[in-house]
Amino acid sequence: MAADSTGSNTPSRAVFWRDPSKRALIFQFIVFALAAWFVWVIVDNTATNMRNRGVATGFGFLDIQAGFGIIQSLIPYSEASSYGRAFWVGLCNTLLVAIVGIVLATVLGFLVGIARLSPNWLLAKVATVYVETFRNIPLLLQIFFWYSAVLKPLPGPRSLHEAGDQVFFSVNNRGVVMAEPVFGAGFSWVLWALLAALAGTWFIRRWARRRQEKTGQPFPVLLTGLALVFGLPLLAFLLTGMPLHFEPAQMSRFSLRGGVTIIPELIALLLALVVYTAAFIAEIVRAGIQSVSHGQSEAAQALNLSPGQALRLVIIPQALRVIIPPLTSQYLNLTKNSSLATAIAYPDLVSVFAGTVLNQTGQAVEVMAITLAVYLLLSLLTSMFMNWYNHRIRLVER
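Each residue of the sequence shown is one higher than the last, beginning at 127 in this note's numbering.
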């Protein structure tokens, strides 16, 4: 305390660097400045080295003709397409693996996780062996196993079919070949009927939930939804004169022509990713179910709920609050692990864009920057969606 001219005591002003909040701001500014300087040094050094070596920069190469083919493309593509088009082909193939893999791994993981807690001794042990086996084998080895040891030894098309045969379905070392669906003019009505059925199922589910909250009476939403989803499109299909037929593949002298082919690289990659990731999801599901108090199961039994109803209506909804956060990590891992596709030449983003395009153009900085940004964006979007869903099912305290 210090005395002023009037003789009153006033607190002395604190020294600037002794104020914790202000000192924290100084440290944060110093760290930020060092990080910015570090990034600037790297960027400047890279630009200088590229300029000294005469390496071109910029993204103009995306408009140049690619000149190479891709064995699988979900969008129109040919050798006359640009490098930018090749980027979109690789991105679509990556999204295909990520989306299908996440759905299949989730279903398989939930089934195995529930099976691990089954009172059936054999079923529980089989699920345990599955988890302990596949989660402890490196993913890359599993990819090689499915591709080299399971799919490649299959017989070739010439061993299975004679020249001129019409083939509606075939499994061989070239992949899975199926007849190609050809849609007629009225098939759009079938799609509209499917959308209407899905929308109707969603409204029925909301109505059934409010009805059960008010009266306690359940409504068979699942059976009703299945009847709508399958019945309404089928009715539209029949009324429009069945505007769909299948064109079989034709066996030539050496290979199958036409039809729809699922290449073995895609099959092997999906099998490995799904089986591997599902083993981790199964453990997450098992832990989530076990985190729910046993009293909840007893309460469900007291309400005369069947074991299936108790699991679906009581246990799983509460377990999801524990399951969702680690499940998000597994979804992110599956999406990023799909980049291992380059080991078996599946044309994903890394193989097509960060591989072939980079080698042909030499634009390493631009190509890798785009590739890294894409995987970062996919991870952030996945995290945002899962965080939204986790917030939506959170426990609301009264």
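Think of the CB as a built atom: it goes at the ideal place given N, C-alpha and C, for glycine as much as any other residue.
For clarity, every value in this text was computed on a predicted model and none was experimentally measured.
Residues of its chain near residue i, where Cβ-Cβ distance is below 7 Å and the 5 sequence neighbours each way are ignored
| i | result |
| --- | --- |
| Pro-97 | Outside the modelled stretch of the chain, which goes from 127 to 524, sits residue 97, for which no answer is possible. |
| Leu-234 | Val-400, Ala-404 |
| Phe-187 | Tyr-209, Thr-487, Gln-489 |
| Asp-291 | Met-377 |
| Leu-354 | Ala-323, Gly-326, Thr-327 |
| Gly-481 | Thr-468 |
| Asn-463 | Leu-265, Leu-399 |
| Leu-484 | Ala-490, Val-493 |
Environment of residue i [buried if 16+ CB atoms lie within 10 Å]
| i | result |
| --- | --- |
| Glu-492 | buried |
| Phe-236 | buried |
| Arg-524 | Confidence at Arg-524 is low in this model, with a pLDDT of 49, below 50, so its placement is unreliable and the value that follows should be read with caution. It is exposed - the Cβ of Arg-524 has fewer than 16 other Cβ atoms within 10 Å. |
| Phe-144 | According to the sequence shown, residue 144 is Arg rather than Phe. Exposed is the call here. |
| Asp-474 | buried |
| Leu-361 | exposed |
| Met-494 | exposed |
| Asn-178 | exposed |
| Trp-514 | exposed |
| Gly-216 | buried |
| Arg-242 | buried |
| Phe-329 | exposed |
| Phe-232 | Contrary to the premise, residue 232 reads as Thr rather than Phe in this sequence. Buried. |
| Trp-318 | exposed |
| Ser-477 | buried |
| Ser-417 | exposed |
| Pro-146 | exposed |
| Gln-198 | buried |
| His-517 | exposed |
| Ser-274 | exposed |
| Leu-397 | buried |
| Glu-391 | buried |
| Phe-406 | buried |
Neighbourhood of residue i by C-beta distance below 6 Å, restricted to the same chain and skipping five residues each side
| i | result |
| --- | --- |
| Thr-461 | Ala-224, Leu-504 |
| Leu-200 | Cys-218 |
| Leu-498 | none |
| Ile-519 | Leu-446 |
| Met-512 | Thr-454 |
| Lys-278 | Asn-299 |
| Ala-375 | Val-293, Val-303, Leu-382, Gly-384, Gly-385 |
Sequence-distant residues of its chain with Cβ nearer than 8 Å to residue i (five each side left out)
| i | result |
| --- | --- |
| Leu-431 | Leu-439, Val-440 |
| Pro-281 | Asn-298, Asn-299 |
| Leu-506 | none |
| Thr-183 | Ala-173, Met-176, Gln-489, Val-491, Glu-492 |
| Gln-435 | Ala-426 |
| Leu-286 | Ser-296, Asn-298 |
Where the alpha helix (DSSP H) containing residue i begins and where it ends
| i | result |
| --- | --- |
| Ser-423 | 420–428 |
| Val-238 | 209–242 |
| Arg-284 | 283–286 |
| Trp-247 | 247–260 |
| Ile-263 | Neither: Ile-263 is in no alpha helix (DSSP H) and is coded neither H nor E. |
| Gln-106 | Since the first residue of the chain shown is 127 and the last is 524, residue 106 is not available in this structure. |
Residue range of the beta strand (DSSP E) that includes residue i
| i | result |
| --- | --- |
| Gln-376 | 375–377 |
| Asn-298 | 295–298 |
Helix, strand or coil at residue i according to DSSP, with G and I counted as helix
| i | result |
| --- | --- |
| Pro-307 | strand |
| Met-127 | Note that Met-127 has pLDDT 48, beneath the 50 cutoff, so the model's placement of it is unreliable and no number is given. |
| Gln-191 | strand |
| Gln-292 | strand |
| Gly-186 | helix |
| Gly-301 | strand |
| Gly-326 | helix |
| Ala-319 | helix |
| Ser-199 | coil |
| Asn-516 | helix |
| Leu-431 | coil |
| Leu-277 | helix |
| Ser-509 | helix |
| Ser-417 | coil |
| Ser-204 | coil |
| Arg-524 | Low confidence applies to Arg-524: its pLDDT is 49, below 50, so where it sits in the model is not reliable enough to give any reading. |
Closer than 8 Å: residue i CB and nearest the ligand MN heavy atom
| i | result |
| --- | --- |
| Leu-431 | Within the structure as shown, the ligand MN is missing, as the structure has no ligands at all. |
Run through the stretch 332–413 for me and flag every whole beta strand (DSSP E) of 3 or more residues, listed as ranges in chain order.
Runs found: 370–373, 375–377, 386–388.
Please specify which runs of the alpha helix (DSSP H), each continuous and at least 4 residues long, are wholly inside the stretch 434–504, giving them in chain order.
442–463, 484–487, all fully within the stretch 434–504.
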